[in-house]
Each structure stands twice: as C-alpha cells, then as structure tokens.
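Below is one structure; the comments refer to it alone.
Chains as they are written, first to last, in this note's numbering: chain A, 197 to 326; chain B, 197 to 326; chain C, 2 to 137; chain D, 2 to 137; chain E, 424 to 525; chain F, 424 to 525.
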C-alpha cells in the first residue's frame, strides 16, 4: 500500500515530525511504500541544514535525510510556506538575492501541487501536525 | 516604565510576534522604555534573514530590525533554542562548521541569562506566545 | 473510482489570524482546484469563524484573506459544509457569514449559494464519504 | 524589594513531549538558578503531567528530561507548587509524582520535599505574590 | 497589587481562558487578545460563565483583534470593555504584574 | 468503509478529542497519539465520557506515547487497546481513510 505523509509542524517544538518519522519507518519496514512526504506550515523548518541539536538529542533533519537516501522517499518542502519562514534552496536564494541557503540534502522545494498529487496517487494520506 | 518582552512563537504561523511588535511600538510611542526583547522557543525563527514573504504581507523580521535600529531595542535570540532550530549567526556557523548563517541585522544570539536579567531589570515582563 | 476522480475534503477547525492554518489551508484549496478532483470544504468547531463577515485586519497588520472565500466559485469550489452545532455554540447564524455563491453553468448560470449548513450528524456523513481528508 | 531580590514564578501548564515548552522551561529554571532570585515553580492544568513517575521516552526517540526535576534541589530550587484540582481532574495523586527533595543546610541537611500540593485558591495566592511570571 | 492576565486562545478550542478566570483574583484584569477575543462575544455557549466572572474581574478585549475577526461592538458581552494597543500598554503599566495564559 | 481518526492533543487542554468522538461513526477507530494518550487514562474527569464512547468506536492508544508519559497499563480505561507504530501502520492500512484531528 502507498502512504502519503503530511508534516505540518517544525522540529523539536512539536512531536509531529517525530511521530511522522516513526510512522514512515514502520510503514517501510512492513513492506509498504512511502513515495513522498510533504512538509507544510512550520513543517518546512524540518528541512533546515543549520540545526545543531544538543549531543544527547536526536537530529531530526538527519533522520529524514537518511530515510530519503535509504528508501528513495521524496521529501518535498512547500515553496510558499518556506519563503515566509526563511527556508531557501540554492536556486531560490539566488533568485531572491539572499546570500545563504538552508535546505538540507534529501529535501527539495516545490509547489502545493505536489501535495494534491500525493493525495491522488497514494492509497492513504496521513497528517502529523498540531 | 521599562518593559521586558518575551516572544515565544515563530513568525507568520502564530500571531504572537505581531502582537508583541504592536505592543512594543505602542509602549515606545507612550514614552516607555523597551530595553530588550527576548526570542525563545520558535520565537527564534523571527530573526531569520532568509524570509521572503509575499509582497502583500508584512515582513515581520524587517519590522523588528527597524525597531531595533530606530529605538535601540536589544533583540536577543536564545542560543540554545536557536541551535536546535537552525538559527545561527556568523560566529556560531563557523564554530559549528556550517556554511551559512541566517540571523538578520539587529538581532544578536546570546544565552538564557539574558532573559533572567531582563526579568530583574525591567518593571514589567510581557510574554507573547502560544 | 470514476475516472480517477477522488473526493477531497479540506477540514477547517481553527480560527483565522491567531494562527496561519486557515490562510494556508485556503492556499491549498486554490492550487488544488486545478486538479479536477471532487472538492469539498468542511467548517466546524472554530473553523466556522473563518467565514464571518466584516473582518478588518488593518490594525493587526495581518493580511485579510476572507474575501478570497467569495472567489472560490470561480475555481469551481462550490461545496462549503458548515456545521450548525458549531455555529450555535459560538452564537452565530448563517446571517453572520459572508454570502458565498457560484454560477451553475448547467442551469443558465444561476447564482447558487456555496454554503450548506449541516448538522453534526450530516457533517460526520460528509467526512465518511471522502477518499482524502486534509486537516488544518 | 529586599536586596534587589525579585520573586520569579515559572508557570507550567503544558504536558511534556507533545511540545517542547516543558523542556525549554526547565532549561530556563536551571540557568535562572544562578541569579540568586527567589524562585518558585507552579504546575497546574496539564503542567502536572511533567512531574509524573516512570516516564520512558525510548520508543519515541525524544529525550527524557523528567530526572532533571529531581536535581532541582542542588540548584536551590526548592518550591514546586502543584495544584490539587489539576491532579484530581487528571486522576493523579501525589503518589503518581516523582519524589523531589532538597537538603536544608540550615536544618542539619535534612531532606525535605520540594513538592507542595496546593488548592486552586492557594495557587492563585502564590501567583499574586510574584514580581515576575514566566509562562510556558 | 493587581495582575493583568492575558489570554490569546479561543475558549471554544482551549481551556486557557477558563483556567485564567478560575485563578484571577478579585480586582484583576483579564485582557483577551488574538483568538482570545472570541471569549468576549455574547450569545455563545460560554457567555453565562463569562458574565458571572465579570463582577469579580475586569474583562477587556483588544479592539484591533475584535475588528480582525469581525466581532461587532453590538455582539460584545455586557460588562466587557475594549481597548487598543496603547490601552494595552497602560493596563500593563497600571497593574503590578502580568501573567500570560498560553 | 471505516475511518481511522488520530488525535494528538490532551483532552484536558483542547477540545479536539471530544470533537473527534462526536463525529466518529459506529465502527470507526480513534487512535490517541502524542499528548492525545492522556485521554486513555482512567479515573479522570473525562473517563465516563470516554467509556460511553468505547461501545461505538474502537479506542486505541499508542504504547510508545503512553510509555513516554508514564501511563501504566493498569491505569488505562476499560476497553482501550494499545498498539505500537507497526500496529498504527496496520490500522491506517485496514481503514478506508484517515482523518487527523489537529
């Protein structure tokens, strides 16, 4: 079965991105497919390449990047939500005249259409938010 | 009278940083002093230099940077909360081996002691959060 | 499933302005309208506050997005289910909500109301009839 | 104000782990302890859940910070007010909470309990007796 | 020695306003801001409980937040006053402490 | 054609669990996760309302979240089942749709 996942809250502040991560891992382990995770609202902040959590805490961004690499999960960050909140990839940073970018490896920026497409093409949509 | 201000939520997602901004402006206009605003929890995200909100929306970071410049308000971003959430200034970025930094002009990163100090040295503490 | 058309429901349970969820929900609806799915919107609990008349955000400096609801008909989004019990608890009636209409091109472009007041039990039926539920 | 000592109250009204406020509140308390102010902590509403025994976060991958409450005595943070009505509504009693103590050096280092169960009216009195209230 | 309490959440979704009112002392002020202003409306399921409190504490709602949400003056509960940001600042200055019910 | 409802907020702070239960249809499953698991405890002010629902819908709580919050099996309401993340995935797969009550 194919699961589409929406993550609506940022890392550390809410448990949502952790719960989504554990759900995705369990789904993959059970042999299901998770073609895409869509990061919306403050969820876009999960993609930050600049997070430096304390040594004794999990690194939420790295957990997601690893799952993208190991299982080919498409991690999509909503561009409209990201722009408001200061999340830019290299192209966007150039286009906006910003001197830094902060989207971590394994994540890509794209539009809200990717969320709708995920809803159409998967069998179940799971939302983790607040 | 001296007001200390805590902002506990990020920009756009919650109204807290807007309410705090309007309160600070009104306090300054009434002749009060606002020596410091302390950004904690997701409030640290207000300091991002990479935000590109839609043209027809306010730019929350720029509003705060302007108030810092015009009225000498000390905008302090909690370092511990900022590190978790991917907010780094140039020094921190270097120290952590990160190739980008995203703290906007007018904001500075410092420790939680600055929050306690603000509580001691101001007459009233206002918290805007969720 | 007929012609790969899925039933999408956008569930709105939060008040506008205090948080951004209502605005960002509407942004999804506008984009989603291009995908030719069977779209409905549900407004219950504090979500009913999104549809009230006379919102004026000038003094809080936040964008007033309430007029956009009136444009939904142009996007062929014509089913806005609003829960009666949620209105009642908040002291609201249909008169407190914006008038939102759509033009029915199959019926001589007659203007028809998009808001459908439903009971809690009917709202539960609407929810149970969907393929995809997006929660805001 | 005696010797520039202010009364600081940290108000904890949220459950742990679902959101980070409880953990980041505790981080302020630990730093604040160095400032020689008169510090109290209030636990009411869902904040009382922060103090429960037997928290084990291994399977959710989030740091278990509940043992830190037992170290507060070493930081001379010795007044933890817990509201009885909040416990009652949640089916909890003092026995469900961790034992948190401090050593009274003025009383032959006797171990004394830090948790003080108070009624809602007493909690209101504690709140009204403060100079600075930090809300989490 | 009165306290200014601020509440910024809808009382229909969240318990903060009720908890605030249960802890406010006689003579305190409860200021509703942001989504908290929904608590200031009449004719709601919470109106009776709010009116019962209004004799003990001063209930105030922030006008800019009422306007944003389309809550007309005619819909306000009896006894609820309104203020703007300047008045909010004055309330904070004239009370001995402030407490945010987040 | 049943729905898996997820609730992640404490019912003592927020109305989401009650609204979810009021909309769930007979035969649906309500899964409590994150702070939502506080709704699964017995002896609380909400326990009676929860037990009354348990005959209509299946009430399930996520064990890892119960563990994190120190809610022992002995404290769970009669009729509440528990599951782990693998079971959560199975529930999502075996129901026809999922609805998150945020």
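Glycine included, C-beta positions come from ideal geometry on N, C-alpha and C. Nothing here was measured: the structure is a model prediction, and the numbers come from that model.
Cβ of residue 442 (chain F) within 8 angstroms of any chain D Cβ: no
Cβ of residue 364 (chain F) within 8 angstroms of any chain D Cβ: Because chain F spans 424 through 525 in this model, residue 364 (chain F) falls outside it and cannot be assessed.
contact_flag[the region 241 to 250 of chain A, the region 207 to 214 of chain A] where n(CB pairs < 8 angstroms) is 3 or more: Touching, yes, given that three or more Cβ pairs across the two stretches are closer than 8 angstroms.
Short Cβ contact (8 angstroms threshold) for residue 223 (chain B) with residue 512 (chain E): yes
Contiguous alpha helix (DSSP H) assignments of at least 4 residues, all confined to the region 492 to 521 of chain F: Runs of the alpha helix (DSSP H) lying entirely within the region 492 to 521 of chain F, each at least 4 residues long, are 508 to 517 in chain order.
Option nearest residue 471 (chain F) by Cα separation, candidates F:501, F:506, F:514 and F:432: Among F:501, F:506, F:514 and F:432, the Cα nearest to that of residue 471 (chain F) is on F:501.
Cβ contact check for the region 486 to 495 of chain E and the region 6 to 26 of chain C: 3 or more pairs under 8 angstroms: yes
CB contact check: residue 134 (chain D) to chain E, cutoff 8 angstroms: So, interface residue.
Any chain E beta carbon closer than 8 angstroms to residue 2 (chain D): Model confidence at residue 2 (chain D) stands at a pLDDT of 46, short of 50, so the residue's coordinates are unreliable; what they give is reported in the following sentence. With 8 angstroms as the cut-off, residue 2 (chain D) does not count as an interface residue toward chain E.
6 angstroms CB neighbourhood of residue 141 (chain C) in its chain, flanking five on each side removed: There is no way to answer for residue 141 (chain C), as the model of chain C reaches only from 2 to 137.
CB contact below 8 angstroms: residue 96 (chain C) versus chain E: no
Residue 131 (chain D): contacting residues in chain E (beta-carbon distance under 8 angstroms): 520
For residue 284 (chain B), the nearest candidate out of A:286, A:279, A:296 and A:290 (CA to CA): A:296
Residues near residue 473 (chain F) in its chain [Cβ-Cβ closer than 6 angstroms; skip 5 each side]: 500
Residue-chain proximity (residue 138 (chain C), chain E), Cβ-Cβ < 8 angstroms: This structure does not reach residue 138 (chain C), given that chain C is present from 2 up to 137, and the question cannot be answered.
Cβ contact (3+ pairs, closer than 8 angstroms) linking the region 476 to 488 of chain F and the region 71 to 91 of chain D: no
C-alpha distance - residue 124 (chain C) paired with residue 431 (chain F), whole-angstrom precision: 21 angstroms
Sequence ranges, alpha helix (DSSP H) only - wholly within the region 11 to 79 of chain D, length at least 4: Entirely contained in the region 11 to 79 of chain D, the alpha helix (DSSP H) runs reaching 4 residues are, in chain order, 22 to 33 and 68 to 71.
Touching by the beta-carbon criterion (3+ pairs, under 8 angstroms), the region 250 to 262 of chain A and the region 279 to 294 of chain A: no
Proximity to residue 304 (chain B) [Cα-Cα], best of B:323, B:247 and B:268: B:268
Expected contact under 8 angstroms - CB spacing of residue 424 (chain E) and residue 444 (chain E) to nearest Å: That belief does not hold up - the Cβ atoms of residue 424 (chain E) and residue 444 (chain E) are roughly 19 angstroms apart, past 8 angstroms.
Chain G residues whose Cβ lies nearer than 9 angstroms to that of residue 38 (chain D): Looking for chain G here will not work: the only protein chains present are A, B, C, D, E and F.
Closest residue to residue 47 (chain C) among C:66, C:15, C:37 and C:41 (Cα-Cα distance): C:15
Proximity of residue 132 (chain C) and residue 8 (chain C) at Cβ, strictly below 8 angstroms: yes
Distance, residue 426 (chain E) Cα to residue 260 (chain A) Cα: Answer to the nearest angstrom: the Cα atoms are 45 angstroms apart.
Three or more C-beta pairs below 8 angstroms linking the region 456 to 471 of chain E and the region 70 to 78 of chain C: With contact defined as three or more Cβ pairs closer than 8 angstroms, the region 456 to 471 of chain E and the region 70 to 78 of chain C are not in contact.
Cβ-based burial, residue 110 (chain D) [other Cβ within 10 Å; buried from 16]: exposed
Cβ distance (whole Å) where residue 326 (chain B) is taken to contact residue 212 (chain B) below 8 angstroms: Indeed they touch by this definition, with Cβ atoms about 6 angstroms apart.
Backbone CA spacing between residue 514 (chain E) and residue 59 (chain D) [nearest angstrom]: Their backbone Cα atoms lie some 46 angstroms apart in a straight line.
Reduced DSSP category for residue 2 (chain D) - H, G, I as helix; E, B as strand; rest coil: Annotation note: pLDDT 46 at residue 2 (chain D) (below 50); position unreliable, coordinate value reported separately. Judged by DSSP in its simplified three-state form, residue 2 (chain D) adopts coil rather than helix or strand.
Own chain partners of residue 221 (chain A) with C-beta closer than 8 angstroms, once the 5 adjacent residues on each side are dropped: For residue 221 (chain A), where only same-chain residues beyond five positions count, the Cβ hits under 8 angstroms are 263.
Alpha carbon of residue 440 (chain E) to alpha carbon of residue 292 (chain B), nearest angstrom: The alpha-carbon separation between residue 440 (chain E) and residue 292 (chain B) amounts to approximately 43 angstroms.
Distance between residue 306 (chain A) and residue 519 (chain E) (C-alpha atoms, nearest Å): Cα-Cα distance, rounded: 50 angstroms.
Inter-residue spacing [alpha-carbon to alpha-carbon] between residue 2 (chain D) and residue 294 (chain B): Annotation note: pLDDT 46 at residue 2 (chain D) (below 50); position unreliable, no value reported.
Residues sharing a beta bridge with residue 307 (chain A), DSSP: Its beta-bridge partners do not exist; DSSP assigns none.
Cβ neighbours of residue 479 (chain E) in the same chain (closer than 7 angstroms, five flanking residues each side left out): 449
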